[in-house]
Amino acid sequence: MQDSVMKAWWDSSHMAGANAPYVEELYEAYLEDPQSVEEAWRQVFDSLPKVEGTQLEDNHTTIRDQFRKLASLGPVARMSSAPATSTGGSDEKQVKVLQLINAYRFRGHQHANLDPLGLWKQDRVRDLELSHHSLSESDFDTVFNVGSYAVGQETMSLGDLFKSLNRTYCGSIGAEYMHITDTEQKRWIQHQFESVQAKPEISKDEKRQILKGLIAADGMEKYLNSKFPGAKRFSLEGGDSLIPMLKGLISEAGTTGTKEVVVGMAHRGRLNVLVNVLGKNPSVLFDEFSGKHDESLGAGDVKYHAGFSSDFATPGGNVHLALAFNPSHLEIVNPVVMGSVRARMERRKNDPNAVLPITIHGDSAIAGQGVVQETFNMSQTRGFAVGGTVRIVINNQVGFTTSKTEDTRSTQYCTDIAKMVQAPIFHVNSDDPEAVLFVTKLALAYRNKFKRDVVIDLVCYRRHGHNESDEPNATQPLMYQKIKKHPVPRQIYADQLTAEGSIEEREIERLTDEYRAALDHGACVVEEWRPMTEHSVDWSPYLGHDWDVDYDSAISVEKLKELGEKITTYPDDFKLHSRVNKLYQDRKAMVAGDKNLDWGMAENLAYAAIVDAGNAIRLTGQDSGRGTFFHRHAVLHNQTDGACLIPLQHLHDKQGKIDIYDSVLSEEAVMAFEYGYATAEPGCLTIWEAQFGDFANGAQVVFDQFLSSGEAKWGRLCGLTVLLPHGYEGQGPEHSSARLERFLQLCADHNWQVCIPSTPAQVFNMLRRQVLRPMRKPLIVMSPKSLLRHPLATSTLDELAEGVYHNVIGEIDELNPDNVKRVVMCSGKVYYDLLEQRRKNEQTDVAIIRFEQLYPFPQEECAQIVANYGHVKDWVWCQEEPQNQGAWYNSQHHFWQAIPDGAHLRYAGREAAASPAVGYVSVHNQQQKALVEDALTIK
Ligand code: AMP
-19 MQDSVMKAWW DSSHMAGANA PYVEELYEAY LEDPQSVEEA WRQVFDSLPK VEGTQLEDNH
41 TTIRDQFRKL ASLGPVARMS SAPATSTGGS DEKQVKVLQL INAYRFRGHQ HANLDPLGLW
101 KQDRVRDLEL SHHSLSESDF DTVFNVGSYA VGQETMSLGD LFKSLNRTYC GSIGAEYMHI
161 TDTEQKRWIQ HQFESVQAKP EISKDEKRQI LKGLIAADGM EKYLNSKFPG AKRFSLEGGD
221 SLIPMLKGLI SEAGTTGTKE VVVGMAHRGR LNVLVNVLGK NPSVLFDEFS GKHDESLGAG
281 DVKYHAGFSS DFATPGGNVH LALAFNPSHL EIVNPVVMGS VRARMERRKN DPNAVLPITI
341 HGDSAIAGQG VVQETFNMSQ TRGFAVGGTV RIVINNQVGF TTSKTEDTRS TQYCTDIAKM
401 VQAPIFHVNS DDPEAVLFVT KLALAYRNKF KRDVVIDLVC YRRHGHNESD EPNATQPLMY
461 QKIKKHPVPR QIYADQLTAE GSIEEREIER LTDEYRAALD HGACVVEEWR PMTEHSVDWS
521 PYLGHDWDVD YDSAISVEKL KELGEKITTY PDDFKLHSRV NKLYQDRKAM VAGDKNLDWG
581 MAENLAYAAI VDAGNAIRLT GQDSGRGTFF HRHAVLHNQT DGACLIPLQH LHDKQGKIDI
641 YDSVLSEEAV MAFEYGYATA EPGCLTIWEA QFGDFANGAQ VVFDQFLSSG EAKWGRLCGL
701 TVLLPHGYEG QGPEHSSARL ERFLQLCADH NWQVCIPSTP AQVFNMLRRQ VLRPMRKPLI
761 VMSPKSLLRH PLATSTLDEL AEGVYHNVIG EIDELNPDNV KRVVMCSGKV YYDLLEQRRK
821 NEQTDVAIIR FEQLYPFPQE ECAQIVANYG HVKDWVWCQE EPQNQGAWYN SQHHFWQAIP
881 DGAHLRYAGR EAAASPAVGY VSVHNQQQKA LVEDALTIK
């Protein structure tokens, strides 16, 4: 076969991907004995070119590599037919032995002892039986070559090998890694497991630390149970190993260079982690149980959602720990953690080992919630990678009250979703805390080495119901009968250590008493706890400001021209697409003052001004480089070679960083990621742009649970800007409305800003205000679509240089206020429809006021404008959205307050409707005409 044909065959073949292991196995057998495979396969393999020097004992991964290499090499090389290292077994049996090793690597996990309760019904896996490979115990004394089996010896008796395979792959750890196609990764994991038979030596000191962790985990829950019986604490009991596991993980991370760790977890075991890992003062927790709380906090949140920050001493230095605040929505915190990690990582010179994300999942949630898939999909992308996340599943085998796997998932393991990115998965019996620690360190080493996600499935149980007042026997009777009799992990491990002589019983009692006494004192129980000094950002400049805080927004026309020239300059040999070229020529004319600025140019100039002043920008969205409506073109594409250029990145050496990434096709995880990023990076203008505004409802959880309420619940500021294209242009129900009403409905406590800028100068100054003003509040923007090119929606450089965002804009035409009989108030694009029609009508009796910010409502600025029309009784709110949508219901109280005493306020707009917009352009046009007429016609 020709080289290219061969390569194409491999690339497209059904033999690649999931079937590859099967083919490898066959090929391995074929290499040993061509007659051992079926004729059809023999023909395929016979047709492969041969490579010199291939040893028969090469392991299957080598063979796959070789298989690929062969495919790409062509028929130049000849395979040596050198025999395997001599063995006592027949060639045929030797093949079978290699297949047996392979079978254990692939499927050993299915016979591993993973369930502490012993309730899992493991299917019989015939591949793991000697007979399946035509071997038997009578071969036990025969010595075979073990190929790449990494036990440090080339040959073993079958008896020893069989024992070793069972110890390595069928003990307390079930390793799933053979789905990884990268040979180096697979070999590396293989080596880690096989070289120590999955059971490395553990020092006495480490054993003691593990025991102390279990004593703490157990002691804490018992203490809470006795002090606050029946109170909800979502006990960790059953999954106690999580505590020594996390401490071991953080300690190892610190030793290998990590400076910050961000943890995301749901409620299960959270109080335990807060006290026993992060070092939250137990007395504070006890106060919370007793109903006391810090009055300085806002609305607050329940104690099992609280975050916490501290430092943790490790042999490699102190590590900063941040446990992210989270809502009840189980998995949504994961992308938030990833975003926070990305921000911290970038601050630390993009060193992925400097910041470690740890996400802790539930077994039902990791399989059930789609956002998990989204985060896996993001994990290796340019804009969202964080150098791999260590993901831990607290697999207590029950989701709320649902335990049967046939009800909670369609996969064998809850972790199968991780295979989509070929993450290694280590299932581990949590009653074997040494095995837990082993896989934990291994997972970290893998993550740091390969910068990829890795999963630890901590198979445990839940000693109580979903919470402590639940009765689990009602739904899981057999499981809970078993749990009742099952010794606690501390007891099991203490017994093990005393039996092997690693610790004396008296010492165990002493440690237990000491822990209890520490809780009685209410003092921090984590020896490694240190006061916070290692976190990488200071939020104090952003605290305690009001909306009218002073900030320097001055910018000169000269500066704007200089920046404008820079961002419209690109190398001569960089060939732009003709449409983009036209746009850039227009932009050059705008800079020269020959043309007014359009939206795209003003927006790009805002970015230029921001990074020129040293602030950073991060802009993501599904189409953010170009802009959904072909208006932004901040990322240029060379038509000759496809190369990309972001002129905004080339202003000067001291400018702030600007990153613009087209995101994965997700709203939920991406928005959550950007929320996480913005809550960890106040110096950056972080922007998420929806392709169309209504797609934001794919991220509804993030708006409700984080963006609108995070500050009120947790005191966490966030300056995220959300651009939501909105406007009624006859595009039908889906892409007309960004559902303004929903954002307005969530407005209270000055939680965020809702803006509808209507001119290029306004967008310029709105974006700059968001980062220059030392407040950090989310900014929701109804951003334009057709307005991007509306001939009236242009601005001058002088208007940009004014440096002020006007929250409300009064009449722009020269109308004598005394002649005005009606004032129409509005927001957004409909303003231009009203303006044009009024001009056409040559009307002078209707004034138009535009609200550019609907929340916080600009009462004072509005009052100044309204003062001109104190005599007017006829006030109208005009909107494009149906009456039950848009601003009418949610902002009406502000409008009533704004108009003069005794005046009347009326609605002009579409009738209430179930759907955001009609599907027929003709009906849309009629409606639009009617609402404008209604607003302007004085009868
Ligand atoms: P962290 O690095 O997330 O552990 O945060 C360290 C400290 O910075 C916290 O204890 C807070 O005092 C402060 N901080 C972090 N993030 C925010 C935020 N989004 N808003 C206000 N303060 C914050």
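Just so you know, we're using our numbering here: the sequence shown kicks off at -19 and counts up by one. We put the CB at the ideal spot given by N, CA and C, even for glycine.
Rounded straight-line distance, which links the Cα of A614 to that of R106: Roughly 58 Å separates the two Cα atoms.
The alpha helix (DSSP H) that contains D500, what's its start and end? Taken as a continuous stretch (DSSP letters only), the alpha helix (DSSP H) holding D500 covers E485 to H501.
Can you round the beta-carbon distance between V416 and V255 to whole angstroms, since I take them to be within the 8 Å contact cut? Taking 8 Å as the upper bound for CB-CB distance, V416 and V255 are not in contact here, some 20 Å apart.
Straight-line CA distance for V788 to C698? Distance between the alpha carbons of V788 and C698: 24 Å.
Using the three-state DSSP reduction, which class does I81 fall into: helix, strand or coil? In the structure shown, I81 sits in a helix (DSSP, three-state: H, G or I).
Contacts around G219, its chain only, beta-carbon distance under 7 Å, and the 5 residues preceding and following it disregarded: Beyond the five residues adjoining it in sequence on each side, G219 comes within less than 7 Å, by CB distance, of G249, I374, N376, S410, L438 and C440 in the same chain, given in chain order.
Within the continuous beta strand (DSSP E) that includes A598, where are the two ends? The displayed chain sequence assigns Arg, not Ala, to residue 598. Taken as a continuous stretch (DSSP letters only), the beta strand (DSSP E) holding R598 covers A596 to G601.
Buried or exposed, going by whether 16 or more other CB atoms sit within 10 Å of the CB of S520? It counts as exposed.
Mind checking whether G244 and N333 have CB atoms under 7 Å apart? In this structure, G244 sits away from N333, with a CB-CB distance that is not shorter than 7 Å.
What residue range is occupied by the uninterrupted beta strand (DSSP E) comprising N125? Segment V123 to N125, the beta strand (DSSP E) holding N125.
Within the continuous alpha helix (DSSP H) that includes I312, where are the two ends? Run containing I312: none; DSSP gives neither H nor E here.
Whole-angstrom Cβ separation of E145 and D119, contact assumed at under 8 Å? Rather than Glu, the amino acid found at residue 145 in this sequence is Leu. About 14 Å separates the two Cβ atoms, so there is no contact after all.
Scan the region 171 to 198 and note each continuous alpha helix (DSSP H) run of 4 residues or more that stays entirely inside, going in chain order. Listed in chain order, there is nothing to give.
Let me check you understand the geometry: is the CB of W519 closer than 6 Å to at least one non-hydrogen atom of the ligand AMP? Yes, the beta carbon of W519 sits closer than 6 Å to at least one heavy atom of the ligand AMP.
Nearest-angstrom Cα distance between G379 and N314? Spanning the two alpha carbons is a distance of roughly 18 Å.
Identity of the residues DSSP links to Y373 by a beta bridge: Correcting the residue type first, residue 373 is Val in the shown sequence and not Tyr. For V373, which the question treats as bridged, DSSP gives the partners H341 and D437.
Would the C-beta of S289 count as close to the ligand AMP, meaning under 6 Å from any of its heavy atoms? Yes, the ligand AMP has a heavy atom inside 6 Å of this Cβ.
Minimum length 4: unbroken alpha helix (DSSP H) runs contained in the region 384 to 429: Runs found: 385 to 388.
According to DSSP, simplified to helix, strand and coil, what is L916? Three-state DSSP puts L916 in a helix.
Can you list the alpha helix (DSSP H) stretches of 4 or more residues lying completely in the region 214 to 271, in chain order? DSSP runs (the alpha helix (DSSP H)) wholly in the region 214 to 271: 222 to 235, 250 to 256 and 262 to 269.
Relative to the ligand AMP, is the shortest distance from any of its heavy atoms to the C-beta of T659 smaller than 6 Å? Between the ligand AMP and T659, a heavy atom-to-CB distance of less than 6 Å is present.
E782 to K541 span [Cα, whole Å]: Computed Cα separation, rounded: 14 Å.
Going by the C-beta, is R696 closer than 6 Å to any heavy atom of the ligand AMP? At least one heavy atom of the ligand AMP lies closer than 6 Å to the C-beta of R696.
Where does M938 sit, in a helix, a strand or coil, going by DSSP? With the chain represented from -19 up to 919, any question about residue 938 goes unanswered, as that position is not in the structure.
Suppose you measure from the CA of K575 to the CA of A569; what does that come to, to the nearest Å? So the alpha carbons of these two residues sit roughly 6 Å apart.
By DSSP, does V856 sit in helix, in strand, or in coil? When secondary structure is reduced to three states using DSSP, V856 falls in the strand class.
Less than 7 Å separating the beta-carbons of T294 and G367? The Cβ-Cβ distance between T294 and G367 does not fall below 7 Å.
So does V515 have its beta carbon nearer than 6 Å to some heavy atom of the ligand AMP? The sequence given here has His at residue 515, not Val. Annotation for H515 indicates a beta carbon within 6 Å of some heavy atom of the ligand AMP.
So, does the region 527 to 545 touch the region 558 to 565, judging by three or more C-beta pairs under 8 Å? With a cut-off of 8 Å on Cβ pairs, the region 527 to 545 is not in contact with the region 558 to 565, counting fewer than three such pairs.
Closest Cα partner of N848 within the set G790, S902 and Y869: Restricting attention to G790, S902 and Y869, the CA atom closest to the CA of N848 is found in G790.
Boundaries (first-last residue) of the alpha helix (DSSP H) holding I547: In the DSSP assignment, I547 falls within the unbroken alpha helix (DSSP H) covering V537 to I547.
For K73, does the count of other Cβ atoms within 10 angstroms reach 16, so buried, or fall short, so exposed? Looking at its Cβ environment, which holds 16 or more other Cβ atoms inside 10 Å, K73 is buried.
Using only the heavy atoms of the ligand AMP, determine whether one of them is closer than 6 Å to the beta carbon of A302. Checking every heavy atom of the ligand AMP against the Cβ of A302, one is found closer than 6 Å.
Taking the continuous beta strand (DSSP E) assigned at N922, which residues delimit it? Residue numbering for the chain in the displayed model covers -19 to 919; residue 922 lies beyond these limits and cannot be assessed.
Which runs of the alpha helix (DSSP H) at least 4 residues long sit entirely within the region 696 to 733? Give them in chain order. DSSP runs (the alpha helix (DSSP H)) wholly in the region 696 to 733: 720 to 725.
In terms of residue numbering, what span does the alpha helix (DSSP H) encompassing I845 cover? For I845, the enclosing alpha helix (DSSP H) has its first and last residue at Q839 to V846.
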